[in-house]
Amino acid sequence: MRLPNNIKLLEKNSIFSPQIATSQVRPNIEDIVVGFKDVLGGVENVDATLQEWRILSLQQWKKTKTADEFWGEVLSYKNACGDAAFFNLTKLATAILSLPFSNAAVERAFSMMNIVKNKLRNRMLTKTADHIMRVRSALQDRGGCTKFEPSTTMLTLFNSENVYQTGDEENVNQVLAIFNED
1 MRLPNNIKLL
11 EKNSIFSPQI
21 ATSQVRPNIE
31 DIVVGFKDVL
41 GGVENVDATL
51 QEWRILSLQQ
61 WKKTKTADEF
71 WGEVLSYKNA
81 CGDAAFFNLT
91 KLATAILSLP
101 FSNAAVERAF
111 SMMNIVKNKL
121 RNRMLTKTAD
131 HIMRVRSALQ
141 DRGGCTKFEP
151 STTMLTLFNS
161 ENVYQTGDEE
171 NVNQVLAIFN
181 ED
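FYI, UniProt numbering numbers position 33 of the sequence shown as 33, with every residue one higher than the one before it.
1) Roughly how many whole angstroms lie between the Cα atoms of ASN180 and GLU161?
2) Which value, in whole angstroms, describes the spacing of the CA atoms of ALA67 and LYS119?
3) Give me whichever residues DSSP pairs with LYS78 in a beta bridge.
4) What's the call for LEU56, buried or exposed, on a 16-neighbour Cβ count within 10 Å?
5) Helix, strand or coil: which one does DSSP assign to residue 244?
6) Please name the residue in ALA93, GLY35 and THR64 whose C-alpha comes closest to that of GLU52.
7) Counting C-beta neighbours from all protein chains within 10 Å, is the total for THR126 16 or more, i.e. buried, or is it exposed?
8) Could you round the C-beta distance between TYR77 and PHE86 to whole angstroms and report it? I think they count as a contact, below 8 Å.
9) Contact criterion: CB-CB distance below 9 Å. Does ARG121 meet it with respect to chain C?
10) What does a CB cutoff of less than 8 Å around PHE148 pick up in its chain, not counting 5 residues either side in sequence?
11) Quick one: give me the first and last residue of the alpha helix (DSSP H) that MET112 is part of.
12) Buried or exposed: which applies to ILE29, given that a residue is buried once 16 or more other Cβ atoms fall within 10 Å of its Cβ?
13) What is the rounded straight-line gap between the Cα of GLY72 and the Cα of ASN122?
14) Report buried or exposed for SER23, applying the criterion of at least 16 other Cβ atoms within 10 angstroms of its Cβ.
15) Please report the straight-line C-alpha distance between SER14 and ARG108, rounded to a whole angstrom.
16) Measure the Cβ-Cβ separation of PRO27 and LYS8 and say whether it is below 9 Å.
17) Starting from ARG54, trace the alpha helix (DSSP H) both ways and give me its first and last residue.
18) By Cβ distance below 6 Å, which residues in the same chain neighbour THR90 in space, the five residues on each side in sequence not counted?
19) If you count every other CB in all the chains shown that lies within 10 Å of the CB of ILE115, and 16 or more means buried, which is it?
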């Protein structure tokens, strides 16, 4: 098993859960802040981040159910001067919480690529394989092709003029944006 050298720091990511971050008794995060000082813009922001951590629990926070909502609320909190009062701390927390702790998603993508681009289709362009994978992924997210219902915009774009065009990147992005509409 391959583990990064800083695994001890990564194991402490639960410190940034809303329940722990807002409690009166919180662990010291100095080692985490020092370990991620580059994310904060250097050593000069370490003390400011530690001070923000100390005063975080003094505020009343409304959105404490999920980490995303909580840290979004913390970032939007302004001090008397109108500046983000917890800017460094939210920068650190979002950086740590966005780290991938598993390569399962990457493994799934490679598995899907092996299914899409097999021996019979090995001359397929990368762009075509990418589009097929995007469609497969979007359909899986929506419960499969039997439950998919195209929007009226999709149906109006489904004509020979659009279907048989050659690699116009702008059109591809437009179709992908329409596909992602809810």
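Each residue gets a CB set at the ideal place from its N, CA and C atoms; glycine is no exception.
To lay it out plainly:
1) ASN180 and GLU161: Cα-Cα distance of roughly 22 Å.
2) Their Cα atoms are separated by approximately 44 Å.
3) Bridge partners of LYS78: ALA84.
4) That one is buried.
5) Only positions 1 to 182 of the chain appear in the structure, and residue 244 is not among them; the question remains open.
6) It is ALA93 whose Cα lies nearest to the Cα of GLU52.
7) So THR126 ends up on the exposed side.
8) Rounded to the nearest angstrom, the Cβ distance from TYR77 to PHE86 is 6 Å, consistent with a contact under 8 Å.
9) This model lacks chain C altogether; it includes just one protein chain.
10) So the qualifying residues of the chain are LEU139 and ARG142.
11) If you look at MET112, you'll find it in the alpha helix (DSSP H) that goes 104 to 116.
12) Burial is judged here by how many other beta carbons sit within 10 angstroms of a residue's own beta carbon; ILE29 has at least 16 and is buried.
13) Roughly 45 Å between the two C-alpha positions.
14) Around the beta carbon of SER23, a 10 Å sphere encloses fewer than 16 other beta carbons of the protein chains shown; the residue is thus reported as exposed.
15) Rounded to the nearest angstrom, the gap between the Cα atoms of SER14 and ARG108 is 26 Å.
16) In this structure, PRO27 keeps its C-beta atom at 9 Å or more from the C-beta atom of LYS8.
17) Per DSSP, ARG54 belongs to the alpha helix (DSSP H) from 46 to 56.
18) In chain order, TRP71, VAL74 and LEU75 place their CB closer than 6 Å to the CB of THR90, counting only its own chain and leaving out the 5 sequence neighbours on each side.
19) For ILE115, the number of other beta carbons within 10 angstroms of its own is below 16, and it is reported as exposed.
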